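Reviewing the structure listed below.
In full-length UniProt numbering, the protein residues as written are 1 to 225.
Written out as structure tokens, the structure is:
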């Protein structure tokens with residue numbers, strides 16, 4: 001006869017709450033930093049000099065074609081050999097940021113490439129500087145085109161933070177694993193963690209789809225597209 005005791009896991013709510021806080025904190029910091037890298041990367045790959053395009057291309061291909069856990073382990077375990085020692089939390093944040101930046105660069109570059117050439121030329125005819133053309137004319141509609149894909153990538157990175165428990169970052173999966181090691185309620189602990197991750201993903205998607213038109217690409221409620 002199998003019996004479940006979810007209360008034994010919920011009784012460890014301070015650990016779960018701490019894990020949730022770390023998951024949210026890492027995501028909240030990595031997201032704007034990753035989007036900044038993606039923006040600079042997309043602009044550079046679209047309009048930068050050849051050497052910079054090749055350098056960023058190598059960065060994007062490297063991170064898009066290697067497992068996140070390998071990137072994390074390299075930053076946390078590999079960099080100390082070069083004299084760079086990081087805390088688990090700092091290593092996790094750097095790995096998440098760089099990963100989002102690489103994927104976001106390609107996502108946003110697709111949005112930029114979809115911009116009609118006439119739109120660039122019309123902006124240039126108004127005597128706008130290249131920076132003004134990019135930030136005011138090209139970037140907002142590009143973000144609007146790719147925002148659903150970018151939202152999905154942000155959520156993937158947030159869920160990927162579960163791997164960071166492997167280097168002792170005290171995020172949600174680390175908390176669930178610690179709880180089950182204490183009370184041997186692995187099924188209950190990871191079911192609860194799964195439900196929390198599911199809720200986080202659903203809420204994050206709704207929040208990002210609400211925030212994007214208001215703070216990223218400037219379309220207000222009642223706007224079209």
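Ideal Cβ placement from N, Cα and C applies to all residues, glycine included. Being a predicted model, the structure only gives us computed values, none of them experimental.
Within the segment 73-148, the complete alpha helix (DSSP H) segments at least 4 residues long are 88-113, 117-125, listed from N- to C-terminus. If you draw a straight line from the Cα of residue 141 to the Cα of residue 4, it is about 51 Å long. Around the CB of residue 113, fewer than 16 other CB atoms lie within 10 Å, so the residue is classed as exposed. In this structure, the CA atom of residue 43 is about 50 Å from the CA atom of residue 182. Annotation: the segment 140-225 contains the following complete segments of the alpha helix (DSSP H) (minimum length 4 residues), in chain order: 172-183, 186-211. The straight-line gap separating the alpha-carbon atoms of residue 147 and residue 212 is approximately 7 Å. Distance check between residue 156 and each of 135, 200, 193 places 200 closest, using alpha-carbon atoms only. Around the beta-carbon of residue 65, fewer than 16 other beta-carbon atoms lie within 10 Å, marking it exposed. Taking residue 10 as the centre and dropping the five residues before and after it, the same chain places no C-beta closer than 6 Å to its C-beta. Membership of residue 48 in any alpha helix (DSSP H) is not indicated, and neither H nor E is assigned to it by DSSP. Contact between the segment 92-107 and the segment 31-39 is established, with three or more Cβ pairs separated by less than 8 Å.
Here residue 61 is exposed. Its C-beta has fewer than 16 other C-beta atoms within 10 Å. The C-alpha of residue 50 is placed about 24 Å away from the C-alpha of residue 128. A distance of 7 Å or more separates the beta carbons of residue 154 and residue 76. Apart from sequence neighbours up to five positions away, the residues of its chain that approach residue 205 with a beta-carbon distance below 7 Å are 151, 155, ordered along the chain.
In this structure, the alpha-carbon of residue 188 lies about 42 Å from that of residue 82. With respect to residue 97, residue 30 sits close: the two C-beta atoms are nearer than 7 Å. Secondary structure at residue 2: coil, using DSSP grouped into helix, strand and coil.
Between residue 149 and the set 111, 130, 123, 191, the nearest pair of CA atoms involves 111.
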